[in-house]
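Asker: Have a look at the structure that comes next, please.
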């Protein structure tokens, strides 16, 4: 048996606390590859612009699409 601990798609839907979402994001960033997509629900409830997006951009992600409630981000390169 081989355990593969990599993710191609992650949907973040609660809890709606910035610090917790950032910790979840860090966990999955370490286990993502180029092409991985993250989707955040209820972005208005957390500090997406000030905390989550800067972290993602520093780690090789780009904004894929953003709406009023959800945002999606794709890993396009290896980050720091």
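Numbering (the working numbering), first residue to last: 3 to 82. In this text, a Cβ means the ideal position worked out from N, Cα and C, and glycines have one as well.
Inspect the beta-carbon positions of residue 30 and residue 53 and report whether they are closer than 9 Å.
Answerer: Numbered from 1 along the chain shown, position 28 holds the residue referred to as residue 30. Numbered from 1 along the chain shown, position 51 holds the residue referred to as residue 53. Cβ distance not < 9 Å, so residue 30 and residue 53 don't count as in contact.
Asker: My output table needs one value for residue 27: the three-state DSSP class, helix, strand or coil.
Answerer: Residue mapping note: residue 27 aligns to position 25 of the chain shown, counting from 1. The answer is helix: DSSP assigns residue 27 an H, G or I state.
Asker: Where does residue 58 sit, in a helix, a strand or coil, going by DSSP?
Answerer: In the chain shown, counting from the first residue as 1, residue 58 sits at position 56. Under the three-state reduction of DSSP output, residue 58 falls in the helix class.
Asker: Helix, strand or coil for residue 67, going by three-state DSSP, please let me know.
Answerer: Here residue 67 refers to the residue found at position 65 when the chain shown is read from its first residue. Reduced to three states, the DSSP call for residue 67 is strand.
Asker: Would you mind stating whether residue 15 and residue 43 have Cβ atoms separated by less than 9 Å?
Answerer: Taking the first residue of the chain shown as position 1, residue 15 is located at position 13. Taking the first residue of the chain shown as position 1, residue 43 is located at position 41. Yes, the Cβ-Cβ distance between residue 15 and residue 43 is below 9 Å.
Asker: Excluding the five sequence neighbours on either side, which residues of its own chain have a C-beta within less than 7 Å of the C-beta of residue 23, listed in chain order?
Answerer: Taking the chain shown and counting its residues from 1, the one referred to as residue 23 is at position 21. The residues are 14, 48, 54.
Asker: Quick one: give me the first and last residue of the beta strand (DSSP E) that residue 7 is part of.
Answerer: For the purposes of this step, residue 7 is identified with residue 5 of the chain shown, where counting begins at 1. Counting along the chain, residue 7 falls outside any beta strand (DSSP E), and DSSP gives it neither H nor E.
Asker: Which residue marks the beginning of the beta strand (DSSP E) containing residue 76, and which one marks its end?
Answerer: On the chain shown, residue 76 is found 74 positions in, with the first residue counted as 1. Where residue 76 is concerned, the enclosing beta strand (DSSP E) stretches over 73–77.
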